[in-house]
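In the numbering used here, the protein residues as written are 42 to 258. No residue lacks a Cβ here, since even glycine has one placed at the ideal position from N, Cα and C.
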Amino acid sequence: MEDVTVDSGPIAPRRGRPPVSDGQRQRQRLDISRHAVRLFAEQGVAATSGEQIARAAGVSERTLWRCFPSKEGCVEPLLTQSIEAFRTVLYAWPPGVDLTEHLRTSYRPALDPSSGGDAEAVLTVIRLTRDEPALRAVYLVLRERAEGTFAEVLAERAGGSADLLGIRMRAATMSAVLKVATDDLARAVAGEGVTPEALRRHREQLADALSLVTRGL
């Protein structure tokens, strides 16, 4: 008996939107974050709804909640920028070079307007974390997550394990130093904008404090 091939006709075009790439998703999250921070600054976190954030960002509420678990979580992409700037320079720390000198010459915080990006928005949300407990909680979680990266770099320099208590304590201290220095800069330039002199002081304070953390490595 011969096999019979049945022609089912032309394949129907795929319906619905094309899949969103990781890059598109990250850009969408960042755009939502910008609008959320602006609304939080203008009217406070409690008075701002997810619906308002979605409308300002030009997305549906469904999209908003798919990107973020809560309205407070919308600030995460901008807060992450301040941490990523330090993580980047830490990864680029050359062997044989003191971290203090490396930071003084290479560290460009996300709060630096000349670096482009969202410097003013990052400053705004960092200042908001001082008086908005829900935003501060997001900020602290992000900084705690970053400690793992700091521990890896410190462990590599020490020739040990990132799980060692001494390494983890240094990484936690490094994270705390970065937070205090960044918070201090954000408050110091409120209403004035970031100046080259303010950034120089920020780098110097950070470098001096972290020299104690890395001493002995």
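query                                                                                                                                                                                     : result
Are the Cβ atoms of residue 176 and residue 86 separated by less than 8 Å?                                                                                                                : yes
Distance, Cα to Cα, residue 64 vs residue 111?                                                                                                                                            : 21 Å
Where does residue 171 sit, in a helix, a strand or coil, going by DSSP?                                                                                                                  : helix
Report back the beta-carbon spacing between residue 115 and residue 167 to the nearest angstrom; my notes put them in contact at under 8 Å.                                               : No, residue 115 and residue 167 are not in contact; Cβ-Cβ is about 15 Å, not under 8 Å.
Pull up the distance between the alpha-carbon of residue 170 and that of residue 246, whole angstroms please.                                                                             : 21 Å
Apart from the five residues just before and just after residue 131, which ones in its own chain have a Cβ nearer than 6 Å to its Cβ?                                                     : 194
With the cut-off set at 8 Å, would you say residue 211 and residue 159 are in Cβ contact?                                                                                                 : no
Sort 94, 89 and 235 by Cα distance to residue 71 and report the nearest one.                                                                                                              : 94
Run the CB neighbour count on residue 172, radius 10 Å, all protein chains shown included, and call it buried at 16 or more, exposed below.                                               : exposed
Suppose only complete runs of 4+ residues qualify. What are the alpha helix (DSSP H) ranges in the segment 47-128, listed by chain order?                                                 : 63-84, 91-98 and 102-108
Would you report the Cα separation of residue 125 and residue 149, rounded to the nearest angstrom?                                                                                       : 11 Å
Could you check whether the segment 196-203 touches the segment 217-232, counting it as contact only if at least three pairs of C-beta atoms, one from each stretch, sit closer than 8 Å? : no
Assuming residue 213 and residue 141 make a contact with CB atoms under 8 Å, what is their CB distance in whole Å?                                                                        : 19 Å between Cβ atoms; not a contact.
Applying the criterion that 16 or more other CB atoms from any shown protein chain within 10 Å of the CB defines a buried residue, is residue 123 buried or exposed?                      : buried
Would you mind stating whether residue 117 and residue 78 have Cβ atoms separated by less than 8 Å?                                                                                       : no
Could you check the C-alpha separation between residue 154 and residue 227 for me, to the nearest Å?                                                                                      : 13 Å
Can you tell me which of the three DSSP states residue 233 falls into?                                                                                                                    : coil
Would you give the residue range spanned by the alpha helix (DSSP H) that residue 147 belongs to?                                                                                         : 140-147
Is the separation between the beta-carbon of residue 254 and that of residue 218 shorter than 8 Å?                                                                                        : yes
Would you decide whether residue 244 is buried or exposed? Buried here means 16 or more other CB atoms lie within 10 Å of its CB.                                                         : buried
If we count the other Cβ atoms within 10 Å of its Cβ and call it buried at 16 or more, is residue 187 buried or exposed?                                                                  : buried
Would a C-beta distance cut-off of 8 Å place residue 215 and residue 251 closer than the cut-off?                                                                                         : yes
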